[in-house]
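These notes are about the structure you will find just below.
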Amino acid sequence: MDDDDQPLIPGLPDDISLRCIARAPISSNPTLSHVSRSWRSVLRSPFPFTLRSQLSIADPILTVSIRRPTTGQSLWYHLLPRPHHHRPLPIPPPPHPTVGSSSVPLGPRLFLLGGSLGVPCAHVQIYDSRLRRWSLGPPMSSPREFSAAAAVRGVIYAFGGCRPSAASWSESLDPAATLPRWSRVPSPHGVRQKWMHGTAVLGGKLLAVADRGGIVFDPAAASWGPVPPALVLGWRGRAAVVGEVLYTYDYLGKVRGYDWEKGEWRQVEGLERELPSFLCGATLANFGGLLCLVWEGRGKERGKETEISYAGVDLSRTEGGGIRGRVVWLECGVLKVPRGSSVSHCVTLEL
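This is how it looks when you write it as structure tokens:
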């Protein structure tokens, strides 16, 4: 009998078998694909990942891009930390350059907005991690580079990265719409700036730090305002929100968290022995409720290489209201890239 005519799992209906296959860790997919041609076909389709999302068992997967110093081109990878440790999985390059583009994760998909090779562009590039394939989305109304962008309740918002006088300085896209298209979001001229250096979503509000202060946009109330001065002073651009606390690093390379309710920064205690000081910076992401830090370090090949390392930190509150971190996993030197390379994008997708 042809392999395609066999049930996925002998003795079980295929609909039950599909649920069993969907529950297997994604790190086991390369091994499971060798079971049979029918299993390989299933694992290469988006169905198991859609089912994982419906069953609320989707796994986080770290997605990074490394910008090479000589060519300016970016190398993209999926990183799977312990306990599902797997070698970095290369991702096909996007169709257009990603220098200056903003990244927005939304479930299993990554949206890259704008970018530049001397001239800002309006491209929207979409990577579907279920199919490991790029496609082009509806272009933005305004060409942008280094803009603020994030998703709030499934809707993508982008602002800045273009002339403050642009008619569509701020706009939004609902990817789930029947015919997705960008719509202008009204914004007062008083808040408009060109370059945005960091973006985060906190309490359903989109926060961005710019050349002069910062901006808060509340989509639910359609209101704009300034970021608290204390937040701006401690925000160095790359940040991540975990448990409604915004985390970044200070000028001494220490990881800190900003409590929005109390309006103050707190250093994360307990990381000094296991993690380096991030004097040269780090990239942060929320990895399934853990704070993930990715950083560059000097390689062992006489300074010819840069090594990429990353760690996952579990965060908790102390009795005095402080923040304590515990390193759950640490992966050192997982990628070796040319000297001078740097992490330009770091997001968490769900598979």
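Quick note: the sequence shown uses the numbering used here, first residue 140, plus one each step. Note that CB positions come from ideal geometry on N, CA and C, so glycine has one too. The model shown is predicted, which means the values in this text are computed figures rather than measured ones.
With DSSP run on the structure shown, which of helix, strand or coil describes residue i?
i	result
G364	strand
H484	strand
P227	strand
L370	helix
I196	coil
I354	strand
I462	strand
I447	strand
I165	helix
E489	strand
G479	coil
The alpha helix (DSSP H) that contains residue i, what's its start and end?
i	result
R154	The residue you asked about is not Arg; residue 154 is Asp in the sequence shown. Element bounds for D154: 153-161.
R283	Where R283 is concerned, there is no enclosing alpha helix (DSSP H), given that its DSSP letter is neither H nor E.
T170	168-171
Within the same chain, show all residues whose beta-carbon is closer than 8 angstroms to that of residue i, passing over the 5 residues directly before and after it, in chain order.
i	result
E408	T457, G461, I462, R463, G464
R351	Q332
S322	E310, S311, L312
W434	P415, F417, C419, G420, A421, T422, I447, S448, Y449, V482
E383	L341, G342, W399
G293	L245, D313, P314, A315
D154	none
May I ask whether a heavy atom of the ligand NAD can be found less than 8 angstroms away from the beta carbon of residue i?
i	result
I200	This structure lacks the ligand NAD; in fact it carries no ligand of any kind.
May I ask which residues mark the beginning and end of the beta strand (DSSP E) holding residue i?
i	result
F186	Premise fails: F186 lies in the alpha helix (DSSP H), 186-193, not in any beta strand (DSSP E).
W178	Per DSSP, W178 belongs to no beta strand (DSSP E); it is in the alpha helix (DSSP H), 176-182.
E435	429-437
S307	That residue, S307, is in no beta strand (DSSP E); it is neither H nor E in DSSP.
A261	It is not in any beta strand (DSSP E) - A261 carries neither H nor E in the DSSP assignment.
P139	There is no way to answer for residue 139, as the model of the chain reaches only from 140 to 490.
H235	No beta strand (DSSP E) contains H235, which DSSP labels as neither H nor E.
W404	403-408
D313	Element bounds for D313: n/a, residue is neither H nor E.
I295	294-298
L341	335-341
T387	384-388
K344	344-349
S274	272-275
G396	394-398
F417	Neither: F417 is in no beta strand (DSSP E) and is coded neither H nor E.
G422	Before going further, note that residue 422 is Thr rather than Gly in the sequence given. Start and end: 422-426.
For residue i, which residues from the same chain have a beta carbon less than 7 angstroms from its beta carbon, with the 5 sequence-adjacent residues on both sides left out?
i	result
R206	S213, S480, S481, S483
L418	G392
R162	I196
P185	R269, L270
G376	H336, G337, V348
A424	L201, A379, C431, C485, V486, T487
P208	P477, G479, S480
On the premise that residue j lies in contact with residue i, defined as a C-beta separation below 8 angstroms, what is that separation, rounded to the nearest angstrom?
i	j	result
V181	L151	Not really, about 14 angstroms apart at Cβ, beyond 8 angstroms.
G254	G239	5 angstroms
A306	T338	With 8 angstroms as the limit, A306 and T338 do not qualify as a contact, their Cβ atoms being about 22 angstroms apart.
F188	R272	Not confirmed; about 13 angstroms, so no contact.
R283	P314	About 17 angstroms separates the two Cβ atoms, so there is no contact after all.
V340	V355	Not really, about 11 angstroms apart at Cβ, beyond 8 angstroms.
W363	S304	Actually they are not in contact, since the Cβ atoms of W363 and S304 sit about 16 angstroms apart, beyond 8 angstroms.
W334	F285	5 angstroms
S204	T237	6 angstroms
V473	P227	6 angstroms
L249	Y266	4 angstroms
I230	D198	I230 to D198, Cβ: 17 angstroms. No contact.
Enumerate in chain order the residues of its own chain whose CB-to-CB distance from residue i is below 6 angstroms, with the five nearest sequence positions on each side excluded.
i	result
A369	G402
D389	R395
L194	none
S455	R463
R179	S172
R405	G396, G461, I462
Taking all protein chains shown into account, do 16 or more other C-beta atoms lie within 10 angstroms of the C-beta of residue i, making it buried, or fewer, making it exposed?
i	result
H262	buried
T317	exposed
E413	exposed
A359	exposed
A379	buried
K439	exposed
K344	buried
D141	In this prediction, D141 has a pLDDT of 49, which is less than 50 and means its spatial position is unreliable; what the coordinates show is noted afterwards. D141 is exposed by the Cβ-count criterion.
C485	buried
Q145	exposed
C301	buried
L372	exposed
G353	buried
A361	exposed
E119	There is simply no residue 119 to check, as the chain begins at 140 and stops at 490 in what is shown.
P220	buried
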